[in-house]
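One structure below.
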Amino acid sequence: MSELNSIVLKIIKSGKGILAADESTGTMSKRLDEVNVTSTPENRLLFRETLFSSSCMTDCIGGVILYDETIKQISSKKNKITELISEMGSLPGIKVDTGAKVLAGSPDENVTEGLDGLRERLKEYYKLGAKFTKWRGVYAISKDYPSKLSISSNAHALARYSALVQECNMVPIVEPEVLMEGEHSAEDCLKKTSEVINKCFEELILHKVDLKGIILKPNMILAGNKSKNKISNDEIAKLTIKCLKNSVPSEVPGIAFLSGGQSEVEATQNLNLINKYNDTNFIMTYSYGRALQQSALKFWSKDLKNIEGTQKIFNHRSKMNTLAAQGKWSKDLEI
Ligand code: 13P
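Written out as structure tokens, the structure reads:
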């Protein structure tokens with residue numbers, strides 16, 4: 010087994026999943042504003058440190074994706090954040106893209122930037138303790154979009170990023186996110202997501218990326234949030250598996266879904282059904298941001314000192330998703 014493949018398995022095997030705590034300062038400030046907490050570096054660290062020192066970090070959370078600010082912060086116990094995460098039994102990772110910018114030639118769409126100087130930044134993150142990285146390409150669905158241009162430029166960037174990350178002995182998370190905003194049907198989502206993922210693998214192969222040493226982070230196949238034709242959770246699971254079966258090469262060890270705006274329980278329920286119906290060799294788990302943190306953040310915002318209560322909520326959510334990643338979750342386990 011290669012070193013990269015063994016990192017992948019440490020992060021996602023046996024029902025373990027990923028906590029996406031890599032919100033940029035802008036996004037995190039928005040989340041904190043929504044619950045009336047002032048967004049300061051200290052408050053951002055306090056919430057995140059509360060999560061990172063929860064007991065579920067040992068049994069459920071195989072990896073944590075950090076943001077540049079957090080990976081350089083020192084915990085209240087005076088150790089590095091990457092050390093705190095490692096001591097809890099999880100692996101630290103880092104978001105390395107610098108965000109989605111308007112795509113020249115198709116100004117209604119975006120392309121993700123961050124390749125310039127990436128090799129040097131990766132070396133720095135590696136020294137800080139990162140074992141894996143994340144880069145997110147983002148695509149909206151409408152009649153004419155995503156365009157071939159956006160599909161191909163984002164795939165190219167994801168592949169160049171992945172090759173640089175593996176060169177630096179870290180595992181790249183490849184995240185092509187087809188957004189759920191819009192009126193589109195689940196069939197449209199299936200068609201577009203398949204096209205996006207196929208192109209990503211075409212580029213990853215061209216750039217000689219070791220597919221056994223990556224984690225794919227896709228969206229589930231859902232009808233748009235404004236669609237009149239919603240589909241059942243069973244159908245979501247079946248279409249998601251159909252999409253991945255047809256577009257992901259079998260060497261890829263695992264797939265860790267983003268939650269993308271689904272509610273906490275919905276994201277858990279869909280993951281559980283995906284695993285019930287999973288007739289592939291892919292590990293299917295979670296890499297959730299909002300669907301792991303929402304309730305914990307809301308609770309914490311009422312009393313920033315209530316660490317134990319906040320951790321209890323985060324532990325519960327993580328446990329539910331770890332059960333779902335093994336197809337063992339049921340609704341009556343929810344509190
Ligand atoms: P959500 O689960 O909130 O979609 O976040 C996952 C993520 O990392 C988006 O890039």
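Take the working numbering: the last position of the sequence shown gets the number 344, and nothing is skipped along the way. Glycine is no exception: its CB is placed at the ideal position from the N, C-alpha and C atoms.
Tell me, please, which residues DSSP counts as bridged to residue i.
i      : result
Trp144 : Val183
Pro104 : The sequence given here places Lys at residue 104; Pro does not occur at that position. Lys104 pairs with Lys143.
Thr91  : None; Thr91 has no bridge partner.
Tyr154 : Ser151
Ile20  : Note: Ile20 sits in no beta bridge, so no partner.
Met293 : Ile264
Ala29  : Ile74
Val111 : Asn119
Leu225 : Val183 and Ile264
Ile83  : Lys89
Is any non-hydrogen atom of the ligand 13P found closer than 7 angstroms to the C-beta of residue i, if you look at the structure I gave you?
i      : result
Tyr135 : no
Ser162 : no
Ser296 : yes
Ser268 : yes
Ala305 : no
Asp31  : yes
Arg299 : yes
Asp145 : Note that residue 145 is Arg in the sequence shown, not Asp. Yes, since a heavy atom of the ligand 13P falls inside the 7 angstroms radius drawn around the Cβ of Arg145.
Glu176 : no
Glu204 : no
Glu184 : yes
Below 8 angstroms between beta carbons: does that hold for residue i and residue j?
i      : j      : result
Gly71  : Ser95  : no
Leu60  : Leu28  : yes
Ala246 : Tyr295 : no
Val147 : Pro101 : no
Phe210 : Met179 : no
Glu118 : Ser156 : yes
Gly263 : Val17  : yes
Ala139 : Leu188 : no
Gly336 : Asn279 : no
Gly121 : Asn163 : Going by the sequence as given, residue 121 is Thr instead of Gly. A contact, by the Cβ cut-off of 8 angstroms.
Gly233 : Ser268 : no
Leu158 : Leu112 : yes
Thr249 : Ile283 : yes
Asn330 : Ser63  : no
Ala168 : Leu215 : yes
Ser310 : Val44  : yes
Ser85  : Glu58  : yes
Asp31  : Lys143 : yes
Leu80  : Thr67  : Inspection of the sequence shows that residue 80 is occupied by Ile rather than by Leu. No, the pair does not count as a contact, with Cβ atoms beyond the cut-off.
Ser348 : Lys208 : The displayed coordinates of the chain run from 10 to 344. Any statement about residue 348 would go beyond what the structure contains.
Thr56  : Leu301 : According to the sequence as given, residue 56 is Phe; it is not Thr. Their beta carbons are not under 8 angstroms apart, which means Phe56 does not touch Leu301 by this criterion.
Asn228 : Glu186 : yes
Comparing the C-beta of residue i with each C-beta of chain C, is any distance below 8 angstroms?
i      : result
Ala113 : Any reference to chain C falls outside this structure, which holds one protein chain only.
message: Could you check whether the segment 37-52 touches the segment 315-332, counting it as contact only if at least three pairs of C-beta atoms, one from each stretch, sit closer than 8 angstroms?
response: no
query: Looking at C-beta atoms only, is the number of pairs between the segment 279-291 and the segment 249-257 that lie closer than 8 angstroms three or more?
result: yes
Touch test, the segment 181-192 against the segment 214-226, Cβ-Cβ under 8 angstroms, three pairs minimum: yes
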